[in-house]
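Note sheet for the following structure.
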Amino acid sequence: MMSRNTKSSARNAEGDFGAHNQIAKGTSIQGDISTEGVLRIDGTLIGSVESTGKVVVGPSGKIEGSIRCVSANISGEVKAKVIVKDLLTLQASAKLQGDITTGKLAIEPGATFSGSCSMGGVIKDISQDEQARVAEKTA
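Anchor point for the sequence shown: position 115 equals 141 in our numbering, and the numbering is continuous, going up by one each time.
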């Protein structure tokens, strides 16, 4: 069972770490999504996605905004800043426009990517930069 709050976030109703959430084809959402489980997008999202799990953008899926997650598999269209801790996979049908920061990147032949990419130890640097910004704001 899944609960959607179109105002600011979509969360699974159970609160399970491994729960699956899906935005179906033909569904359009404007807002930010935060989840601790797997999120699959086959519809359209204009906003940000934050997941402590995996984000999957299906062949009909579209995201405009930002993605921050542990791993991602993209088959659809993405115009976003993408930060993936572990593995980012761009399938043959993927069209990604934006900046990528990831631990590992796999790109299948046929995928298109326009933007910059940073791989490897850069993820740790981003976390440290964000912590420093938060410390500055609270000081």
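Just so it is clear, CB atoms sit at the ideal spot from N, CA and C, and this is done for glycine as well. Please read these numbers as outputs of a predicted model, since none were measured by experiment.
query: Contacts around G141, its chain only, beta-carbon distance under 8 Å, and the 5 residues preceding and following it disregarded; result: L122, Q123, G124, D125, I126
query: Neighbourhood of I109 by C-beta, 6 Å cutoff - its chain only, sequence neighbours within 5 removed; result: R94, T127
query: When I133, T78, G129, T138 are compared against E103, the one with the closest alpha-carbon; result: T138
query: Opposing strand residues paired with V64 [DSSP bridges]; result: H46
query: Cβ shell of K107 (< 7 Å), same chain only, five flanking positions each side left out; result: S92, G124, D125
query: Residue environment, I59, which counts as buried when at least 16 other CB atoms sit within 10 Å; result: buried
query: Contacts around P12, its chain only, beta-carbon distance under 8 Å, and the 5 residues preceding and following it disregarded; result: Nothing can be reported for residue 12: it is not among the residues displayed for the chain, which extend from 27 to 165.
query: Beta carbon of G63 nearer than 7 Å to that of A50; result: no
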